[in-house]
Each structure stands twice: as C-alpha cells, then as structure tokens.
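Under the numbering used here, the sequence shown has 302 at position 93, and the numbering climbs by one with no breaks. In this text, a Cβ means the ideal position worked out from N, Cα and C, and glycines have one as well. Quantities reported herein were computed from a predicted structural model and do not represent experimental measurements. Notes for the one structure printed next.
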Amino acid sequence: MANVVVIGTQWGDEGKGKVVDLLSAHANRIVRFQGGNNAGHTLVINGERFVFHLIPSGILYPDTRCLIGNGVVVDPEVLLEEIKGLLDRGIAISPKKLGLSERAHLIMPYHKAIDIARESAKGRSKIGTTGRGIGPCYEDKVARVGIRAIDLTELDVLKEKIRANLREKNFYLTNLFGCEPLEYKSLLDRYLSLSHELSPFIVDVSAELHEAMGRNESILFEGAQGTHLDIDHGTYPFVTSSNPVAANACIGAGIGPKTLDSIVGIVKAYTTRVGSGPFVSELIDETGNYLQEIGQEFGATTGRRRRCGWLDLVVVRYSARVNGMNHLAITKLDVLTGLDPIDLCIAYECQGKRLENVPAKLSALYNCSPVYEEMEGWKEDISGARAFEELPKNAQAYVRRIEEVVGVPVSIISVGSGRKETIFCKNPFDE
Ligand code: GDP
Ligand code: IMO
Ligand code: MG
C-alpha cells in the first residue's frame, strides 16, 4: 500500500500519461490535482491511441476509480465531451468510475475569451498559452469570484455568480480588447443543461481519499504540465497558472503531506517545449528536426509543433530538488537510437561563468549557453528491450549518467509508446 505522485520534470509532454497508465495497475484510485484541459496525456493500448485532457489516465482499468481534485480547473463541456468520446469507443463512464471534486473551479466561456484576447493583444511577447482559459480561471479562484462545481447544484448561487462575473468580464472584453460581449441568458442556459449532466459526478474527493487511505488503498496522483511550467518554480512568466510540483498533490486533492510515499519524476530522454520562453538546449538545426519528426513531437492538445533539444540535466536536477523526487522514469529513449554522438547538458555558461542551477533572472537565462558532455550513441533497435541488461552498452551508459548527474535512481525506462515497451527496474508502489 503506497501513495505515489507522478510529475513532469521538464516543460510537459514527458510521457506522464503512459507512465500513469502503467502504474495504475497497482493503484485503487487515480487523482488529477492541478491544471485543466491544457493537458494532453496520451496512452497507446494495443495500438489504439487515447488522449485525455481532464479524465485521469487510469480510466481504462475496469476496477480503478478516477478522481478530479479541487486543484483542477474544469471546463464542463470538455469533461462531458471526453466522457462521451469514451462511450463512443465502448467505454461507459458512470459516477461509480469517475468523481469530480465539489470544490474544483469551472472554466467559463469568458475565461477562454479573455485568454485568447490577451494573447493576441500581446503579439510577439505572447506566452503561447493553449487558449483554454486556464490562467483567467485560476485568477478568478484567487480573486474569490470563481464558480465551483458545487455551484452547479445550487442554481440561485450559479445565476448570481454568472451575472456578477459577466458584468465585469464583458466590460473588460469589450473596452480593452474590442471583443463582442457574452450574453447572459444563453450562457446560463448552457450551464443549466451542463449541471444536469455533471451533478451526479460531484463528490467530496478529500473525504473519499481519507476513507480510502483508512482501508489501506493505494492512490496514484497524476500531475499535469511540468516543473518548469510551475507558476512558482518555472520559467516565469512563460509558465502555466498552477503548481505542477509534487507538493501540490496535497493541496489539489485535499490530503496531508505525510501521506505521500514516492515521487516519480518523468524525464523525456531529450527536451521539448511548446509555447514561448527560454530553452537553453534547444536545437534549431537538423538534429532538432530529427527529434521532432522521430519523436512525433506535436502537441496532444493544440497540435502545435514542439520545440526540441538535447536533454537538459540542469532542468531535471532542479526538478529533483523542488519535487523531492525518489524515482526517475526515463521515456522515449528509443527516439535517440541512431543519433551519434548524443549531447547531455550538465551545466550552463553565462557571461563566462559556469552555472549549476537555473537562474531566476529571465535575462540571464536567455543568455545561458549549454555545457555539453558528449555521449556515444547506439544503432540497435531498443524497443524490444525488457531488462536494463538488454539495452546496448551505450544506452546503459546514457541512463547511468542521468542517474549520476540528477542524483535519483531510475526505476522505469520507456522504449516505445505501448504498455509493454517498458523496462521496470523498481516499482514505486513497493516502498
Ligand atoms: P504527457 O503530456 O506527459 O502525458 O505526454 P504526451 O502524451 O503529451 O506526449 C508523449 C508522447 O510520447 C505520446 O504521444 C506518447 O504516446 C509517446 N510516448 C510515451 N512514451 C514513449 C516512448 O518511450 N517512446 C516513444 N517513441 N513514444 C512514447
Ligand atoms: P501536459 O500535461 C506542454 C504550456 C503552454 C504554454 C504555457 C501556458 O500535456 O504535459 P496555459 O494554457 O497553461 O496557460 O499555457 O504552458 N502548457 C503545456 N505544455 N504540456 C502541457 O501539458 C501543457 N500545458 C500547458 O504551451 O506555453
Ligand atoms: Mg501532453
């Protein structure tokens, strides 16, 4: 029995979905604790591809219950679409299988309108958000004017909140951005109909987890985004509006910090980033294009081309510290096959000085260049490897060097997108 958190150590899209799906075999409940449908988590099961934006990646196991915690911002329409999408593929999702926290905040149409209007007004200095209304929804949460899932069950409260919010949001949208105002009646009608469909899923996630832990159940917490997109610890302001770090599993699900046993950091064998912001080891050359193509690095949410570069261990080491990681899961090692040499970024150089850490000052970070260690590549197909010893010597050396520089042992190595294409060195639930 253990409680395990899975988080991204880079800028998202590390392969969290695949690892969460695998580890779900050992858990009774899977909980999303932050972010929203800016996330796109991909699973490939028997060649069939599933992409989840809000529903936890453990949903395909028949006896596993999935929960969306209070820390998540939920677009009700996207959640219902996701439920219907699964039904179309023969997977029925009932309130027995999925629960939504009564305290989760809802993304409203004005959040999306503000997100999109702001980004287009910013022009070249835009963050490159997913346009899903994530930032504006978290802003309203902190401003104490947000609409929560529980409000869907109390219609007078819902009406009043929508009315008050629209007054402010329409003023902002029309006067600052020249957008069309949103209409109260149609918005309310839309949310009233959504409330009928979603109300049966609304539960007290924190209380449920407390009871489950009392019965010695194992819980898996599924992070979204990555540590360097964290609002506090990431490359601010080119970040998302929540805390993807492991500590937030507690706040975003309503459990105490002492209940967590293991923190698994997912490390893609190279680095990618979607949207704007500094990226020290970015490759704007043939090798970058090669990684993008072979790794099929297109956003699972927006379809945007992901920027690619060598593995930046300064970034991963920083993540090991702020998350307290005790397991590494390395993904997409197969994508590096055929590249020789392979560079590993182990430090930065900034105005003649060597840096071991990511500087907070954005201008300094933009001026950093990577200090590379050259590793020898391998040519053999590794997608069939199921034990560490079955990897070519140079691939083994690459993994061992990552462990050494980051200071955290590798427990899982992923060599393909399917469930079976995995080397398990240690199970994080066996703590
Ligand atoms: P997430 O957001 O962290 O869940 O990651 P995404 O799903 O956005 O992106 C990871 C992509 O890599 C998905 O298309 C996965 O199917 C794929 N993937 C995961 N692990 C591996 C792997 O070991 N090798 C290869 N080739 N693809 C992988
Ligand atoms: P998963 O869970 C990669 C990025 C956006 C943008 C920034 C802010 O699949 O790893 P937002 O819409 O959150 O305000 O955008 O964050 N971003 C992601 N990049 N993977 C994600 O999620 C992301 N979620 C947000 O591209 O740069
Ligand atoms: Mg993704």
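Which term fits residue i, buried or exposed, when burial requires 16 or more other beta carbons within 10 angstroms of its beta carbon?
i      : result
GLU502 : exposed
PHE380 : exposed
LEU438 : buried
VAL351 : exposed
MET584 : buried
ILE622 : buried
MET210 : exposed
GLY355 : buried
THR383 : exposed
SER451 : buried
ILE493 : exposed
GLU431 : buried
ILE602 : Here residue 602 turns out to be Lys, not Ile, going by the sequence shown. Looking at its Cβ environment, which holds fewer than 16 other Cβ atoms inside 10 Å, LYS602 is exposed.
GLY332 : exposed
ASP441 : exposed
ILE254 : exposed
PRO446 : exposed
LYS293 : exposed
LEU662 : With the chain represented from 210 up to 640, any question about residue 662 goes unanswered, as that position is not in the structure.
LEU545 : buried
Whose CA, out of the options, lies closest to the CA of residue i?
i      : options                           : result
PHE259 : LYS321, LEU429 and GLY299         : GLY299
ILE264 : ARG312, VAL281, GLU257 and MET210 : VAL281
LEU309 : LYS227, GLN243 and ASN603         : GLN243
GLY625 : GLU491, ALA248, LYS477 and ASP272 : LYS477
ARG341 : VAL614, THR449, ALA458 and VAL489 : THR449
TYR270 : ARG628, VAL608 and CYS634         : ARG628
SER415 : ARG241, LEU545, ALA604 and ALA606 : ARG241
CYS559 : LEU571, ASP549, LEU548 and ASP398 : LEU571
LYS394 : LEU375, ALA596 and LEU407         : LEU375
HIS405 : ASP230, GLU363, ALA604 and ASN425 : GLU363
GLY443 : GLY387, GLU491 and ASN566         : ASN566
LYS368 : GLU389, PHE410, ARG399 and CYS346 : ARG399
SER427 : GLU630, ALA234 and PHE261         : ALA234
LEU307 : THR496, ASP494 and THR273         : THR273
GLY224 : ALA604, CYS634 and GLU506         : GLU506
GLU328 : PHE386, VAL283 and GLY278         : PHE386
GLU612 : TYR479, ILE440, LEU522 and ILE277 : LEU522
THR496 : GLY518, PHE488, PRO466 and THR511 : GLY518
SER490 : ASN237, ALA556, ALA358 and CYS459 : ALA556
LYS635 : GLU257, ILE460 and SER471         : SER471
PRO568 : TYR527, LEU396 and GLY278         : TYR527
ILE371 : GLU389, LEU397 and ARG357         : LEU397
CYS275 : VAL283, GLU257, ILE239 and ASP297 : ILE239
ASN212 : LYS293, GLU348 and MET422         : MET422
VAL617 : PHE488, ALA538, LYS562 and ILE302 : ALA538
LEU500 : ARG514, PRO487, THR510 and ALA509 : ARG514
PHE410 : ASP365, THR546, GLY463 and LYS305 : LYS305
GLY547 : ASN532, GLY256 and ALA604         : ALA604
ARG424 : PRO487, GLY561, GLY512 and ALA236 : ALA236
LEU407 : CYS459, SER303, ALA330 and LYS562 : SER303
Looking at residue j and residue i, is the spacing between their C-beta atoms short of 8 Å?
i      : j      : result
LYS541 : GLY504 : yes
PRO318 : LEU391 : yes
ILE591 : ASP543 : yes
MET534 : GLY586 : no
CYS577 : LEU564 : yes
LEU403 : LEU289 : yes
ARG595 : ILE632 : yes
ILE316 : GLY245 : yes
ARG516 : ARG482 : yes
GLU389 : ILE359 : no
GLY278 : THR251 : no
GLY461 : TRP220 : no
LEU418 : VAL214 : no
ASN247 : ILE343 : yes
ILE216 : PRO453 : yes
HIS314 : VAL287 : no
VAL524 : THR480 : yes
GLY339 : THR510 : Checking the displayed sequence, the identity of residue 339 turns out to be Thr instead of Gly. Yes, the pair counts as a contact, with Cβ atoms nearer than the cut-off.
GLY249 : GLY508 : yes
Using a Cβ cut-off of 8 Å (strictly closer), state whether residue i contacts chain C.
i      : result
SER623 : Absence of chain C from the displayed structure is noted, only one protein chain being present.
Ignoring anything shorter than 4 residues or poking outside the stretch 518-600, list the alpha helix (DSSP H) runs there in chain order. 522-532 and 571-575
Which residues neighbour the ligand MG when neighbourhood means a C-beta less than 5 Å away from any of its non-hydrogen atoms? List them by chain order. This criterion selects ASP222, GLY249 and ALA509.
In the stretch 273-311, which residue ranges form an unbroken alpha helix (DSSP H) of at least 4 residues, counting only runs that do not cross its ends? 285-297
Mind listing, in chain order, the continuous alpha helix (DSSP H) runs of no fewer than 4 residues lying wholly within the stretch 342-390? DSSP runs (the alpha helix (DSSP H)) wholly in the stretch 342-390: 343-351 and 364-386.
Length at least 3, wholly inside the stretch 445-495: the beta strand (DSSP E) runs in chain order: Counting only runs of 3 or more, we get 471-477 and 480-482.
Considering only residues of the stretch 406-445, which uninterrupted beta strand (DSSP E) runs meet the minimum length of 3 residues and lie entirely inside it, listed in chain order? 428-431
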